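Chemist: My questions all concern the structure below.
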Amino acid sequence: MTQSLASRVSGTVYTPNDAGYAPESAGFNVLVTHSPQYVVAVKSTKDVAEAIRFARENQLPVSVLATGHGTYASITSGVLISTKALNHVSIDPATRIATIGAGARWEPVIEEAAKHGLTPIAGSSTNVGVVGYLLGGGLGPLVRSHGVSSDYVVSYTLVTSDGETVEASAEQHPDLFWALRGGKGGFGIVTEVKLKLVEMRSLYAGSLFFAEEHIEAVLRGWVKWTSEADARVSTSIAVMRFPPFDFIPPPLQGRTVINLRFAFPGSTEEGAKLAAPLRALAPIYLDMLSELPVTQIARIHNDPDKPSPVWTNGMMLTHVDQDLATTLLRHVGAGVQTPYFMLELRHLGGASQKDVAGGSAVGGRGGNFIVGLVGMHPPLFETVLPGATEGLRAELKPWLSPEMSINFMGKVRDAQHFDSAWPDAIRAKLKDVRGKYDPHKVFAK
Numbered sequence: 001m002t003q004s005l006a007s008r009v010s011g012t013v014y015t016p017n018d019a020g021y022a023p024e025s026a027g028f029n030v031l032v033t034h035s036p037q038y039v040v041a042v043k044s045t046k047d048v049a050e051a052i053r054f055a056r057e058n059q060l061p062v063s064v065l066a067t068g069h070g071t072y073a074s075i076t077s078g079v080l081i082s083t084k085a086l087n088h089v090s091i092d093p094a095t096r097i098a099t100i101g102a103g104a105r106w107e108p109v110i111e112e113a114a115k116h117g118l119t120p121i122a123g124s125s126t127n128v129g130v131v132g133y134l135l136g137g138g139l140g141p142l143v144r145s146h147g148v149s150s151d152y153v154v155s156y157t158l159v160t161s162d163g164e165t166v167e168a169s170a171e172q173h174p175d176l177f178w179a180l181r182g183g184k185g186g187f188g189i190v191t192e193v194k195l196k197l198v199e200m201r202s203l204y205a206g207s208l209f210f211a212e213e214h215i216e217a218v219l220r221g222w223v224k225w226t227s228e229a230d231a232r233v234s235t236s237i238a239v240m241r242f243p244p245f246d247f248i249p250p251p252l253q254g255r256t257v258i259n260l261r262f263a264f265p266g267s268t269e270e271g272a273k274l275a276a277p278l279r280a281l282a283p284i285y286l287d288m289l290s291e292l293p294v295t296q297i298a299r300i301h302n303d304p305d306k307p308s309p310v311w312t313n314g315m316m317l318t319h320v321d322q323d324l325a326t327t328l329l330r331h332v333g334a335g336v337q338t339p340y341f342m343l344e345l346r347h348l349g350g351a352s353q354k355d356v357a358g359g360s361a362v363g364g365r366g367g368n369f370i371v372g373l374v375g376m377h378p379p380l381f382e383t384v385l386p387g388a389t390e391g392l393r394a395e396l397k398p399w400l401s402p403e404m405s406i407n408f409m410g411k412v413r414d415a416q417h418f419d420s421a422w423p424d425a426i427r428a429k430l431k432d433v434r435g436k437y438d439p440h441k442v443f444a445k
């Protein structure tokens with residue numbers, strides 16, 4: 001069967017004993033190892049179609065892998081389609097539209113767009129794959145000023161479960177287009193996306209670091225500040241406990257800090273005025289807030305760009321207040337022992353709560369804040385971190401939103417957990433669209 005599949009595609013087909021199998025199936029989370037029967041390193045949309053047809057003919061499930069971010073569970077059977085080689089990026093400055101392959105990361109898109117004074121509304125990490133991020137909606141560092149990232153999608157090219165290539169846009173297959181803007185997976189395999197860009201050359205952005213003893217003052221001050229925050233300003237705050245490792249910048253090695261992230265797509269003068277109340281919350285340990293070219297937007301969050309062991313989870317909140325701050329301080333306050341490398345609160349709202357014309361499947365538009373939890377110490381992944389998180393979730397019940405963003409859910413436990421990322425009406429419609437375009441349930445969600 002391997003020879004049959006290899007004869008149908010221009011890319012490379014790997015089986016478990018082949019030398020290229022492991023690197024082609026590797027993702028960002030080094031603790032997850034995939035072991036499907038076949039890994040197909042596709043070179044074209046036609047390759048994707050042939051691999052899907054082969055899987056259908058042999059009753060094999062189909063999975064897809066690009067950069068491997070968001071991978072928390074091993075793929076152990078079927079055909080894994082690797083789109084890493086589909087990493088083309090082109091910019092049309094006249095229409096302000098980027099054409100992006102399924103294997104591309106945000107960094108080259110940002111770099112190419114910047115040559116024309118343009119930028120995509122991207123995620124906090126420029127190392128993340130564009131398509132996977134957009135399929136989940138996308139709540140990036142400009143979320144309040146510019147909204148959800150998938151709102152800027154013009155069209156998707158994808159291959160459905162019958163091996164047919166379709167264009168999904170507002171004019172063609174609008175039901176599928178609706179679902180792909182926020183509905184994540186299970187509809188087909190996207191090979192290309194067209195994305196609207198915005199005019200922007202620089203912004204006032206970055207982050208402020210405060211020492212551990214100021215965690216309470218900064219958290220409480222930020223919570224109060226968000227109640228009247230300018231809708232053009234996007235911020236988040238994170239308590240971070242850095243290990244004493246060489247790859248950590250020396251000023252942060254072995255330290256616990258509270259990191260306040262700030263993004264304002266406007267002038268330095270106005271941005272500095274807007275940030276002044278936050279700078280005054282406590283003595284600043286590191287001030288990394290300044291005018292940034294859009295090519296340096298990753299400096300706002302400084303997310304890791306190399307594969308590592310990682311555990312994540314998240315919750316969406318309806319609101320924050322000082323009682324919430326008190327609750328969180330019991331878990332990550334100064335001197336508190338915690339299993340988390342990071343607990344982050346992102347301020348949402350603003351433009352993210354306005355849906356696009358025709359609607360979209362984005363979950364979590366009604367939430368005003370999101371909690372992100374990150375663990376980096378593998379011995380804690382199996383029981384300690386999940387247990388601590390369930391305890392925290394119970395304490396946060398008065399603030400929890402019934403909505404969620406699928407990109408922040410972490411490891412999906414089962415189909416019911418996956419479905420819980422969307423409100424009832426969206427969830428029901430997503431089920432109908434999946435049933436229409438993948439009636440035989442070929443694709444993993």
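Counting from 1, one number per residue, gives the positions in the sequence shown under the UniProt record's numbering. The C-beta atom is built at its ideal place from N, Cα and C for all residues, glycine as well. No experiment lies behind these values; they were computed from the predicted model shown.
Inspect the beta-carbon positions of Val294 and Thr45 and report whether they are closer than 8 Å.
Modeler: Not closer than 8 Å, so no.
Chemist: In the DSSP assignment, the alpha helix (DSSP H) including Ala263 goes from what residue to what residue?
Modeler: Counting along the chain, Ala263 falls outside any alpha helix (DSSP H), though it belongs to the beta strand (DSSP E) covering Thr256 to Phe264.
Chemist: So, with DSSP's three-state summary, where would you put Ile81?
Modeler: Of the three classes helix, strand and coil, the one that applies to Ile81 here is strand, per DSSP.
Chemist: Can you name the residues that DSSP bridges to Thr165?
Modeler: Beta-bridge pairing links Thr165 to Val159.
Chemist: Alpha carbon to alpha carbon, what distance is there between Lys354 and Pro265?
Modeler: Cα-Cα distance, rounded: 19 Å.
Chemist: Kindly indicate which residue of Ser10, Arg8, Asn29 and Val39 has the alpha-carbon position closest to the one of Pro16.
Modeler: Checked all of Ser10, Arg8, Asn29 and Val39; the closest Cα to Pro16 is Val39.
Chemist: Helix, strand or coil: how does DSSP classify Ile215 here?
Modeler: Helix.
Chemist: Which residues share a DSSP beta bridge with Arg105?
Modeler: In DSSP, Arg105 forms a bridge with Gly129.
Chemist: Could you tell me the boundaries of the beta strand (DSSP E) in which Tyr437 lies?
Modeler: Tyr437 -> not in any beta strand (DSSP E); alpha helix (DSSP H) instead, spanning Asp424 to Tyr437.
Chemist: I'd like to know whether the C-beta atoms of Lys196 and Arg96 end up nearer to each other than 8 Å.
Modeler: In contact: Lys196 and Arg96 (Cβ atoms closer than 8 Å).
Chemist: Are the beta-carbon atoms of His69 and Val128 separated by less than 8 Å?
Modeler: Cβ distance < 8 Å, so His69 and Val128 count as in contact.
Chemist: In whole angstroms, give me the CA-to-CA distance for Trp222 and Val257.
Modeler: Cα to Cα, Trp222 sits roughly 15 Å from Val257.
Chemist: Is it right to say Asp18 is buried, meaning 16 or more other beta carbons lie within 10 angstroms of its own, or is it exposed?
Modeler: With fewer than 16 Cβ atoms within 10 Å of its Cβ, Asp18 is classed as exposed.
Chemist: Let me check understanding here. Comparing Cα to Cα, which of Ala444, Asp432 and Ala394 lies closest to Ala415?
Modeler: Among Ala444, Asp432 and Ala394, the Cα nearest to that of Ala415 is on Ala444.
Chemist: Tell me, please, whether the region 312-329 touches the region 404-412 by the rule of three or more beta-carbon pairs shorter than 8 Å.
Modeler: They touch, by the three-pair rule.
Chemist: Rounded C-beta distance between Pro141 and His301? I'm assuming under 8 Å.
Modeler: Their Cβ separation, rounded to whole angstroms, is 6 Å, which keeps Pro141 and His301 in contact under 8 Å.
Chemist: Which residue marks the beginning of the alpha helix (DSSP H) containing Trp178, and which one marks its end?
Modeler: Note, Trp178: alpha helix (DSSP H), Pro174 to Leu180.
Chemist: Out of Val13, Ile75, Ala41 and Leu5, point me to the one whose CA is closest to Val32's CA.
Modeler: Of Val13, Ile75, Ala41 and Leu5, the residue nearest in Cα terms is Ile75.
Chemist: Quick check: the Cα distance between Phe187 and Ser161, rounded to an integer number of angstroms?
Modeler: Spanning the two alpha carbons is a distance of roughly 8 Å.
Chemist: Roughly how many angstroms lie between the CA atoms of Phe209 and Leu176, to the nearest whole one?
Modeler: Going from the Cα of Phe209 to the Cα of Leu176 covers about 43 Å.
Chemist: Tell me whether Asp424 is buried or exposed, calling it buried when 16 or more other Cβ atoms sit within 10 Å of its Cβ.
Modeler: With fewer than 16 other Cβ atoms within 10 Å, it is exposed.
Chemist: Need the endpoints of the alpha helix (DSSP H) that Thr327 sits in, please.
Modeler: Run containing Thr327: Gln322 to Val332, per the alpha helix (DSSP H) assignment.
Chemist: Which residue wins for smallest C-alpha separation from Leu139, given the options Pro378, Asp323 and Arg346?
Modeler: Of the listed residues, the one whose Cα sits closest to Leu139 is Arg346.
Chemist: Under the assumption that Met240 contacts Phe381 (Cβ atoms under 8 Å), give the Cβ distance between them as a whole number of angstroms.
Modeler: About 18 Å separates the two Cβ atoms, so there is no contact after all.
Chemist: Would you check if the region 274-282 and the region 213-221 touch, i.e. whether three or more CB-CB distances between them fall below 8 Å?
Modeler: A contact exists between the region 213-221 and the region 274-282.
Chemist: Rounded to whole angstroms, what is the Cα-Cα separation between Lys184 and Val356?
Modeler: About 17 Å.
Chemist: Return helix, strand or coil for Leu252, following the three-state DSSP convention.
Modeler: Three-state DSSP puts Leu252 in a helix.
Chemist: Which whole runs of the beta strand (DSSP E) in the region 34-73 are 3 residues long or more, in chain order?
Modeler: DSSP runs (the beta strand (DSSP E)) wholly in the region 34-73: 38-41 and 62-65.
Chemist: Touch check for the region 75-85 and the region 94-113: three-plus C-beta pairs under 8 Å?
Modeler: The answer is yes - the region 94-113 touches the region 75-85, with three or more Cβ pairs under 8 Å.
Chemist: Bridge partners for Leu208 per DSSP, in chain order?
Modeler: For Leu208, which the question treats as bridged, DSSP gives the partners Leu260 and Asp287.
Chemist: Where does Phe369 fall in DSSP's three states?
Modeler: Looking at Phe369 - three-state DSSP - the assignment turns out to be strand.
Chemist: According to DSSP, is Gly314 part of a helix, a strand, or is it coil?
Modeler: DSSP places Gly314 in strand when its eight states are reduced to three.
Chemist: Closer than 7 Å by C-beta to Pro108: which residues in its own chain qualify, once you throw out the five before and the five after it? Chain order, please.
Modeler: So the list reads Val89, once near-sequence residues are dropped.
Chemist: For the alpha helix (DSSP H) holding Glu270, just list the boundary residues, first then last.
Modeler: It spans Thr268 to Arg279 - the alpha helix (DSSP H) in which Glu270 sits, taken as one unbroken run.
Chemist: Can you list the beta strand (DSSP E) stretches of 3 or more residues lying completely in the region 368-397, in chain order?
Modeler: Counting whole runs of 3 or more residues, the region 368-397 contains the beta strand (DSSP E) stretches 369-375.
Chemist: Relative to the alpha-carbon of Lys224, which residue among Tyr21, Thr191, Asp323 and Arg181 has its alpha-carbon at the smallest distance?
Modeler: Here the closest residue by C-alpha is Asp323.
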